[in-house]
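> Below you'll find the structure I mean.
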Amino acid sequence: MLLYSQNTKLVPTSWTGGSRNIRVRENARTVSALAVAHSKATTYVPPGLSEVVEPEALKLATSLRRVPITIPSMPGSPEIATAFVGPTAEELSRYPRNVPAFVLLPGFDSSCVEFRRLYPLLAAVAPTYAVDLVGCGFSDSSLFLREPSRTLTPDHKTDHLAAFLRTTLSGAAEGEQQGEGEEGKQQQPAGAVGGAAAVGQGAAGSAGGPAAADESSSAPGGSSGARSSGGCGGRRVVLVGASLGGAVAVAFAVAYPQLVHSLVLVDAQGFLQGLGPLPFAPRPLLQAGVALLGSQWLRRAVNKMAYYDKPRFVTPEAVLLSSLHTQQPGWAEANIAFMRSGGFAVKESISKVPQEALVMWGRNDEILDPAFAERFRSTLPYCRRPVAWIERCGHLPHLEAPEQAAAHILEFVGLAKEASTDNNINNRTTEGNEMRGN
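Numbering of the sequence shown is given in the numbering used here, commencing with residue 4 and proceeding in unit increments.
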């Protein structure tokens, strides 16, 4: 199990006498490569934390780091200081190589801080990353302040994620390219995704991918437009996409199938196409809309819609945490740049997702109709499990019921046994939710 140490870094409990025995890999070359990849990461503490008291929020926010990632598909191939929370190179090397990495993708105009309660539950048993893609969260958006005429497209975001994963999971010293850019994208069989055959003891039957075979096997359901995916040092990822992060997960899974082990879609957007007429709106109107988006009264209104148990979860601190990233230089300009692109439109891609998927939904979601959950389940070609319903829960199961969300996710990928050394997560759900006041 991994715990936050006093200096807010994640530390395996096996280092300090804990019962979890995470195998230490003696592959010096791998550790060296990862160290090179992580060496440029710097600590980043967002402004506005002085008013935050929630322990999970403080631990995650003060663990934020930024690593420079080049996005070749963007004009000028800019290097973006990318905000994320995740294991150090040394910590990553201590996880078994056959355990996939969780990658948590936040929703629209949010940040990785929204995963503050789910993150430690997943990181206890598998490498876990929460990442803010270009133009989002605490990643550096000053580029859009300097060049306000830029357009930020969905492809830029998925290419950014691919480059981030190659950097953090394999390392520059292993010779992996961070991204191909438009010129280097290749057509390839999108079904070569393997499965869950390598996920822990007995996991092959839990969340096995379409083929449940090696990387060279081909499975149906792939996309003809897959980009050359290179590799991530042999470790695939489980994408956990919340709200708009679900649309990002779908787009990425189709574009980079060999990097993805499976998907977890949490109250995901997917059937609502793009941003409507916003791409054609004059800039002053977009500026006014973004100013409204950053207003505290709108943030409070959205928070009220997002939660089922409003007296417990809709607090001034929750509103503050949902808007911390809006203080970043270039936040408004980055939002405008994304609006100009038309946003994500993945409706036609959902049926092309070639990996196993789990759909999770808050039964009382007021933002995205729960009817979308069954629509996702019936459209995804390899969604073999029923919808994981979270009762008495709104749009944010990872905040309102993180123990239940973690239990579903870990069981899906075959790691539930690893998470139950002391107490089963399901048995802690009620207690955990009652103790959490915001």
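For each residue, glycine too, the CB sits at the ideal point set by N, CA and C. None of these values were measured; they are calculated from a predicted model.
Going by DSSP, what residue range makes up the beta strand (DSSP E) through E82?
Here the beta strand (DSSP E) through E82 covers 82-88.
> Is it a yes or a no for the region 403-421 touching the region 115-135, going by three-plus beta-carbon pairs under 8 Å?
In short, these stretches touch, since the Cβ pair count reaches three.
> For D143, count neighbouring C-beta atoms within 10 Å of its own C-beta (all shown protein chains included) and say buried if the count is 16 or more, exposed if not.
Buried, because 16 or more other Cβ atoms sit within 10 Å of the Cβ of D143.
> Provide the residue span of the alpha helix (DSSP H) that contains T171, from first to last.
T171 -> alpha helix (DSSP H) spans 157-172.
> Over what stretch of residues does the beta strand (DSSP E) that includes T131 continue unbroken?
Start and end: 131-134.
> Decide if E351 is buried, meaning its Cβ has at least 16 other Cβ atoms within 10 Å, or exposed.
Looking at its Cβ environment, which holds fewer than 16 other Cβ atoms inside 10 Å, E351 is exposed.
> Enumerate in chain order the residues of its own chain whose CB-to-CB distance from V3 is below 7 Å, with the five nearest sequence positions on each side excluded.
Absent from the structure is residue 3, since the part of the chain shown begins at 4 and ends at 441.
> Look at V263 and L289 and say whether their C-beta atoms are less than 8 Å apart.
Contact flag unset, no.
> Considering only the beta carbon of each residue, do Q299 and P50 sit closer than 8 Å?
Taking 8 Å as the Cβ cut-off, Q299 and P50 do not qualify as a contacting pair.
> Please report the straight-line C-alpha distance between P400 and G365, rounded to a whole angstrom.
Taking the straight line joining both Cα atoms gives about 6 Å.
> Please name the residue or residues paired with R100 in a DSSP beta bridge.
In DSSP, R100 forms no bridge with anything.
> Using 8 Å as the threshold, is the region 253-273 in touch with the region 352-372, meaning 3 or more CB pairs across them?
The region 253-273 vs the region 352-372: in contact.
> Could you pull the start and end residues of the beta strand (DSSP E) that I370 belongs to?
Note, I370: premise wrong, no beta strand (DSSP E); not H, not E.
> Express the C-alpha separation of E403 and R302 in angstroms, rounding to a whole number.
C-alpha separation (whole angstroms): 17 Å.
> Indicate the three-state DSSP secondary structure (helix, strand or coil) for M308 in the structure shown.
Helix at M308.
> DSSP puts A337 in a beta bridge; with which residues?
Partner(s): none; A337 has no beta bridge.
> Please say whether A254 and T161 have beta carbons closer to each other than 8 Å?
Yes, the pair counts as a contact, with Cβ atoms nearer than the cut-off.
> Leaving aside the five residues before and after I370 along the sequence, list all residues of the same chain whose C-beta is less than 7 Å from its C-beta, in chain order.
Excluding positions up to five away in sequence, the list reads M308, A309, H398.
> Which class does E359 belong to by DSSP, given the choice of helix, strand or coil?
E359: strand per DSSP, three-state reduction.
> Three or more C-beta pairs closer than 8 Å, one from the region 144-154 and one from the region 335-354: is that the case here?
Because the criterion of three Cβ pairs below 8 Å is met, the region 144-154 and the region 335-354 touch.
> What would DSSP say about R239, mapped onto helix, strand or coil?
R239: coil per DSSP, three-state reduction.
> Cα separation between R69 and T91?
So the two alpha carbons sit approximately 12 Å from each other.
> Buried or exposed, going by whether 16 or more other CB atoms sit within 10 Å of the CB of P470?
Because the chain in this structure spans residues 4 to 441, residue 470 falls outside the shown range and cannot be described.
> Mark E501 as exposed unless 16 or more other C-beta atoms lie within 10 angstroms of its C-beta, in which case mark it buried.
Since the displayed the chain opens at 4 and closes at 441, residue 501 lies outside it and no answer follows.
> Since T85 and D135 are thought to touch, with beta carbons under 8 Å apart, how far apart are those beta carbons, to the nearest angstrom?
The Cβ separation is near 7 Å, so the contact holds.
> C386 and R378: beta carbons closer than 8 Å?
No, these two residues do not count as a Cβ contact at 8 Å.
> Would you give the residue range spanned by the alpha helix (DSSP H) that A284 belongs to?
A284 -> no alpha helix (DSSP H), and no H or E assigned at all.
> Taking 8 Å as the cut-off, decide whether the C-beta atoms of A129 and Y98 are in contact.
For A129 and Y98, yes; Cβs fall inside 8 Å.
> Residues in its own chain within less than 6 Å of E59 by CB, not counting five upstream and five downstream?
Counting only Cβ-Cβ distances below 6 Å, and skipping sequence neighbours, we find R119, R120.
> Hey, S173 and L327: beta-carbon distance below 8 Å or not?
Contact flag unset, no.
> Using the three-state DSSP reduction, which class does I443 fall into: helix, strand or coil?
The requested residue 443 is not part of the displayed model; the chain covers only 4 to 441.
> Could you tell me if R239 is buried or exposed, where buried requires 16 or more neighbouring beta carbons within 10 angstroms of its beta carbon?
Buried, by the Cβ-count rule.
> How is T45 classed by DSSP in three states: helix, strand or coil?
T45: strand per DSSP, three-state reduction.
> Using 10 angstroms around the beta-carbon of P287, count the other beta-carbons present and answer buried if the total reaches 16, otherwise exposed.
Under this definition P287 is an exposed residue.
> Could you check if Q276 belongs to the surroundings of the ligand HEM, using beta carbon to heavy atom distance under 7 Å?
Looking at this structure, you won't find the ligand HEM or any other ligand, since it has none at all.
> Distance check for A166 and G346, CA to CA, integer angstroms please.
Rounded to the nearest angstrom, the two C-alpha atoms are 20 Å apart.
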